[in-house]
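Undergrad: Numbering (full-length UniProt numbering), first residue to last: 1 to 434.
One structure coming up, written as structure tokens, with questions to follow.
Laid out in structure tokens, this is it:
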């Protein structure tokens, strides 16, 4: 029915005012009703389309995301919770220990204030068979931490534990050193850092244990067993020297590739595993050089003066070439089963001795090929010394022809006091400047 016919039915034929009014009402009401119905339909469609999706994440999506992240987090981490320790050591309640270098890098920071809080979720596993570890070398070094031997997950580990009496600066330095070691990353000939406890005391680093501990102690053991006449479990041959030295050189090349100068290469800084794998340690000097304002030529470990290159003794900075010089001293230590270098000279006389073009004397147990490497590491001019890559190639070549049957023996018995004196411990240092 049209609008005209509707208006005619409601109004008299001659009532023009009524007809106009009815037309106006029809024009206004009908579009309004159509608009309202359109809005209602649109709102209904929106509700049907969007309301289930708003509820969906609360009931389905969020649990899936949480489950996936939880599974990923726990599938890539092995946690240590708590500690079985002798009386006097606080238990590590609510403390997690990430057992991977990647997690250590995330959780450890150079300063104590920057260490992020760690989860307090309890995990199975604890240290067992924990015993104090006495220093193998009779010289007091850092007294802010204690070493313990322990077991975790059927693996022998060393706990480097900060003393409870440590102050804030010592805590920051301890955690900074842990972060520094973690930042070096994994390498087959660097001791593996398994984790760091960084939130609640006792703060500690957990490092893999190497059965024979430091190389110097192992060399002394070989010397003593060789002189005792009994069957020896420690037999050092020339071939083993080439093999172990090659492993240390590989670690040194890796460090140099990261622009890290070791600055403390020597038998005391090498750890030896049960299979005689050698791993380079002793990063204290490298850490101090990286984080502290150390003047050129300053040596933190004064007992290492006889291992330092002449330019370092003369006041210049450590370098890759000075590490190579110290590596030559390491070879000398190995072939002599732990003799100190330049034993006949005082540390205060060493620089003048080297300025005259002198070298380490060839030991009676040293072959021509091995002594040639020692001399090539000990050139007066740093640029004439072997590079780490050249050193590795030379050691690999020498290993092929080295004697692997003849056991090295040194008849002179071990005398600790004599060693300390000849190695230069306790001397005053006043070196001439080059």
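The C-beta atom is built at its ideal place from N, Cα and C for all residues, glycine as well.
In this text, all values refer to a predicted model and were calculated from it rather than measured experimentally.
One question on the structure: do residue 215 and residue 255 come within less than 9 angstroms of each other, judged by their Cβ atoms?
TA: No, they are not a contact pair.
Undergrad: By a C-beta neighbour count over all protein chains shown, 10 Å radius and 16 as the cutoff for buried, is residue 209 buried or exposed?
TA: With 16 or more other Cβ atoms within 10 Å, it is buried.
Undergrad: Please say whether residue 331 and residue 392 have beta carbons closer to each other than 9 angstroms?
TA: No.
Undergrad: Name the residue from 351, 252, 355 whose alpha carbon lies nearest to the alpha carbon of residue 387.
TA: Of the listed residues, the one whose Cα sits closest to residue 387 is 252.
Undergrad: For residue 281, which residues in the same chain have their Cβ closer than 6 angstroms to its Cβ, ignoring the five residues on either side in sequence?
TA: Excluding sequence neighbours, residue 281 sits near 191, 269, 271.
Undergrad: Between the stretch 232 to 241 and the stretch 180 to 189, can you find at least three pairs of beta-carbon atoms closer than 8 angstroms?
TA: Cβ pair count under 8 angstroms is below three, so no.
Undergrad: Once you ignore the five residues that flank residue 419 on each side, which residues in its own chain have a CB closer than 7 angstroms to its CB?
TA: Same-chain partners within the cutoff: 340.
Undergrad: Can you list, in chain order, the stretches of the beta strand (DSSP E) that have 3 or more residues and sit fully within the stretch 324 to 405?
TA: You should have found no qualifying run.
Undergrad: To the nearest angstrom, how far is the alpha carbon of residue 248 from that of residue 421?
TA: Approximately 27 angstroms, taken between the alpha carbons.
Undergrad: Taking residue 436 as part of the beta strand (DSSP E), name the residues at either end of that continuous run.
TA: Given a span of 1 to 434 for the chain in the structure shown, any question on residue 436 remains unanswerable.
Undergrad: CA-CA distance, residue 359 and residue 348?
TA: Roughly 16 angstroms separates the two Cα atoms.
Undergrad: Within 10 angstroms of its Cβ, does residue 390 collect 16 or more other Cβ (buried), or is it exposed?
TA: That one is exposed.
Undergrad: Going by the beta-carbon positions, is the gap between residue 337 and residue 395 smaller than 9 angstroms?
TA: Not closer than 9 angstroms, so no.
Undergrad: Going by DSSP in three states, residue 435 sits in which element: helix, strand or coil?
TA: A query on residue 435 cannot be resolved here, the shown segment of the chain reaching from 1 to 434 and no further.
Undergrad: Within the continuous beta strand (DSSP E) that includes residue 161, where are the two ends?
TA: 155 to 162 is the extent of the beta strand (DSSP E) around residue 161.
Undergrad: What is the rounded straight-line gap between the Cα of residue 410 and the Cα of residue 199?
TA: Whole-angstrom Cα-Cα distance: 49 angstroms.
Undergrad: Per DSSP, which residues does residue 195 bridge with? Please list them.
TA: Paired residue(s): 206.
Undergrad: Check each candidate in 201, 250, 267 and name the one with the smallest Cα separation from residue 164.
TA: Selected option, being the one with the closest Cα: 201.
Undergrad: Which whole-angstrom value describes the C-beta separation of residue 149 and residue 205, a residue pair presumed to lie in contact below a C-beta threshold of 8 angstroms?
TA: With a Cβ gap of about 14 angstroms, residue 149 and residue 205 do not count as contacting.
Undergrad: Rounded to a whole number of angstroms, what is the C-alpha to C-alpha distance between residue 275 and residue 172?
TA: C-alpha separation (whole angstroms): 36 angstroms.
Undergrad: Could you spell out where the alpha helix (DSSP H) holding residue 181 opens and where it closes?
TA: Residues 168 to 184.
Undergrad: So, is residue 289 buried or exposed, given that buried needs 16 or more other C-beta atoms within 10 angstroms?
TA: Residue 289 is buried by the Cβ-count criterion.
Undergrad: Going by C-alpha distance, which of 277, 355, 48 is nearest residue 314?
TA: Nearest of 277, 355, 48 to residue 314, Cα basis: 355.
Undergrad: Report all residues from its chain with a CB closer than 7 angstroms to the CB of residue 375; omit the five preceding and five following residues, and keep chain order.
TA: Here the set comprises 359.
Undergrad: Are the CB atoms of residue 333 and residue 382 within a distance shorter than 9 angstroms?
TA: No, these two residues do not count as a Cβ contact at 9 angstroms.
Undergrad: Can you tell which of 308, 219, 250 has the C-alpha that lies nearest to the C-alpha of residue 413?
TA: It is 219 whose Cα lies nearest to the Cα of residue 413.
Undergrad: Give the range of the beta strand (DSSP E) segment to which residue 278 is assigned.
TA: Counting along the chain, the beta strand (DSSP E) containing residue 278 begins and ends at 278 to 280.
Undergrad: In or out: residue 308 buried (at least 16 other Cβ within 10 Å) or exposed?
TA: Classification of residue 308: buried, given that the 10 Å Cβ count is 16 or more.
Undergrad: Do residue 266 and residue 326 have their C-beta atoms closer together than 9 angstroms?
TA: In this structure, residue 326 lies closer than 9 angstroms to residue 266 by Cβ.
Undergrad: Which residues in the same chain as residue 405 place their Cβ atom closer than 8 angstroms to its Cβ, once the five residues preceding and following it in sequence are excluded?
TA: Here the set comprises 237.
Undergrad: Once DSSP output is grouped into helix, strand and coil, what is the label at residue 270?
TA: Residue state, collapsed to three classes: strand.
Undergrad: Under three-state DSSP, which class holds residue 32?
TA: Helix, per DSSP.
Undergrad: The alpha helix (DSSP H) spanning residue 243 covers which residue range?
TA: 238 to 257 is the extent of the alpha helix (DSSP H) around residue 243.
Undergrad: Hey, how far is the Cα of residue 350 from the Cα of residue 366?
TA: One C-alpha to the other measures close to 22 angstroms.
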